[in-house]
Amino acid sequence: MRKVQFHASFWTIAIALPFTALAIVGTAYITEHLTRFISFLSDISRKISVGGRGLVLEFSARWPEVAGMVIGMIVLLTIYLFAQTANKPGEVKKPS
Numbered sequence: 001m002r003k004v005q006f007h008a009s010f011w012t013i014a015i016a017l018p019f020t021a022l023a024i025v026g027t028a029y030i031t032e033h034l035t036r037f038i039s040f041l042s043d044i045s046r047k048i049s050v051g052g053r054g055l056v057l058e059f060s061a062r063w064p065e066v067a068g069m070v071i072g073m074i075v076l077l078t079i080y081l082f083a084q085t086a087n088k089p090g091e092v093k094k095p096s
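Numbering (the working numbering), first residue to last: 1 to 96.
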């Protein structure tokens with residue numbers, strides 16, 4: 001049993017460490033180059049719509065749909081989690 005716990009802990013840490021480092025490096029990179037990203041997105045927005053207003057209007061119209069999808073997925077995953085724990089065999093008390 002201890003071997004299983006060791007493997008589970010080892011692989012959790014082995015997977016978590018690179019992704020944590022990647023997240024820290026990505027956050028630092030985005031923070032340093034945020035003005036470039038904003039100007040790039042602004043240029044694209046101006047090129048494909050009138051003064052970039054089209055993208056802003058489209059986003060303002062679509063964000064409730066995205067929020068609804070995210071909330072729906074959270075609800076479904078929560079229901080799945082509760083269903084999994086409810087289906088696990090528990091201790092059955094035998095009458096004496």
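Ideal Cβ placement from N, Cα and C applies to all residues, glycine included.
Inset, instruction - My understanding is that L57 touches S45, with C-beta atoms under 8 angstroms, so please give their C-beta distance in whole angstroms. - result: Between S45 and L57 the Cβ distance is about 11 angstroms, and since that is not below 8 angstroms, they are no contact.
Inset, instruction - State the DSSP-derived secondary structure class of K88, mapped to helix, strand or coil. - result: coil
Inset, instruction - Give every residue of the same chain whose Cβ lies closer than 6 angstroms to the Cβ of K3, excluding the five residues on either side of it in the sequence, and list them in chain order. - result: none
Inset, instruction - Report the three-state DSSP secondary structure of H33 (helix, strand or coil). - result: coil
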